[in-house]
Amino acid sequence: MDVHHCVNLVPLFRQLSLSDQAKIDRLVKHREFNRGEQVITPSQDKKLVIVAKGLIKLYQLAPTGKEQLIRFIHPGEYEGEAELFDQVNSNVFGEATVETTICYLTQVDFQLVLKEHPDISIKIMNLMAQKLHRLEKQTSFLTMTKVEERLATFLNDLEITNSSNTIKLPMKLKELANFIGTTPETLSRKLTMFENQDVIIRNKTQIKIINQDKLEDLFM
DNA sequence: CCATTAATTGTCG
DNA sequence: CGACAATTAATGG
């Protein structure tokens with residue numbers, strides 16, 4: 583019957599009984615976006631956005647007009663709990679990077695859900711706490727002095743989560759540069775620098791770490 | 001094939 | 001290191 587079934591995509595809702603899921607499902611609205619369209623803007627009504635299909639790039643706009651990548655939202659993930667509780671969407675934007683289908687709950691509908699399901703409220707608080715923790719980590723990450731340190735840390739983390747010394751960069755260099763707080767030019771130079779120092783071997787966005795010790799030396 | 005976007009390289013402040 | 005410009009590579013239609 584329901585084509586999208588966003589409710590089933592979200593771990594948070596999946597723990598509920600089918601009848602409860604159905605209740606929530608009735609409150610959920612759907613929408614599709616083309617590549618490049620704004621899914622989330624600061625001015626729009628507060629809502630909980632769930633990605634059903636596609637990919638959303640979430641970023642903040644600095645006063646200078648430059649954007650700072652926050653994260654990507656993959657299918658099954660969502661954004662907006664915080665905004666649903668407190669006030670302003672502090673200039674956070676979400677842009678569809680491919681054809682994307684979202685499901686969303688408006689603020690009032692979401693509050694209805696919370697009222698009926700206190701256990702969901704608690705879950706969400708836990709998730710928000712986790713989120714804050716990650717945010718703090720990212721902030722200290724960005725204040726690490728040198729770009730090399732940040733890049734080395736990023737590559738090392740990637741190696742760990744991939745459990746392989748051959749890794750594929752999960753995003754465009756332009757976006758990675760933004761993520762670690764530098765420019766594409768500098769990033770490009772650092773990568774070739776690492777390559778010349780025989781720390782890595784690179785082919786496009788495929789990177790092989792050939793000297794783990796040297797890499798670790800860069801940030802330890 | 002052309003047009004658009006991304007990546008690289010050079011140079012400067 | 002970042003900003004800017006120029007060039008080259010990759011991508012997508």
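Take the first sequence: its position 157, counting from 1, is numbered 739 in our numbering, and each next residue is one higher.
Glycine included, each C-beta is placed from N, C-alpha and C at the ideal position.
Proximity below 8 Å, CB of residue i to CB of residue j
i      : j      : result
Leu724 : Gly763 : yes
Leu594 : Lys705 : yes
Ile632 : Ile684 : yes
Val621 : Glu659 : no
Glu757 : Leu651 : yes
Glu649 : Asn760 : yes
Asn561 : Ile791 : Because the chain here runs from 583 to 802, residue 561 falls outside it and cannot be looked at.
Arg771 : Glu777 : no
Val729 : Thr768 : yes
Cα-Cα separation, residue i to residue j
i      : j      : result
Lys611 : Val592 : 15 Å
Glu619 : Thr679 : 8 Å
Thr765 : Asp607 : 43 Å
Leu637 : Arg732 : 25 Å
Thr787 : His587 : 34 Å
Lys750 : Met802 : 23 Å
Glu698 : Leu709 : 19 Å
Phe692 : Lys629 : 8 Å
Ile782 : Met726 : 22 Å
Leu640 : Thr735 : 22 Å
Glu798 : Asp739 : 11 Å
Pro700 : Ser599 : 14 Å
Pro752 : Arg653 : 11 Å
Phe615 : Gly647 : 24 Å
Ala711 : Glu718 : 11 Å
Met707 : Gly662 : 13 Å
N-terminal and C-terminal residue of the alpha helix (DSSP H) that residue i is part of
i      : result
Lys804 : Shown here, the chain extends from 583 to 802; a query on residue 804 therefore has no answer.
Ile749 : No alpha helix (DSSP H) contains Ile749, which is instead part of the beta strand (DSSP E) from 748-750.
Gln712 : 700-725
Val589 : 588-591
DSSP-derived helix/strand/coil call for residue i
i      : result
Gln597 : coil
Glu798 : helix
Asp762 : Just to set this straight, residue 762 is Ile in the shown sequence, not Asp. Of the three classes helix, strand and coil, the one that applies to Ile762 here is coil, per DSSP.
Ala678 : strand
Ile782 : strand
Glu731 : helix
Ala604 : helix
Leu755 : helix
Val631 : strand
Gln788 : strand
Lys648 : coil
Gln626 : coil
Leu640 : strand
Glu659 : coil
Beta-carbon separation (whole angstroms), residue i vs residue j, contact threshold 8 Å
i      : j      : result
Gln689 : Asp627 : 7 Å
Leu737 : Ile789 : 7 Å
Pro624 : Val695 : Pro624 to Val695, Cβ: 24 Å. No contact.
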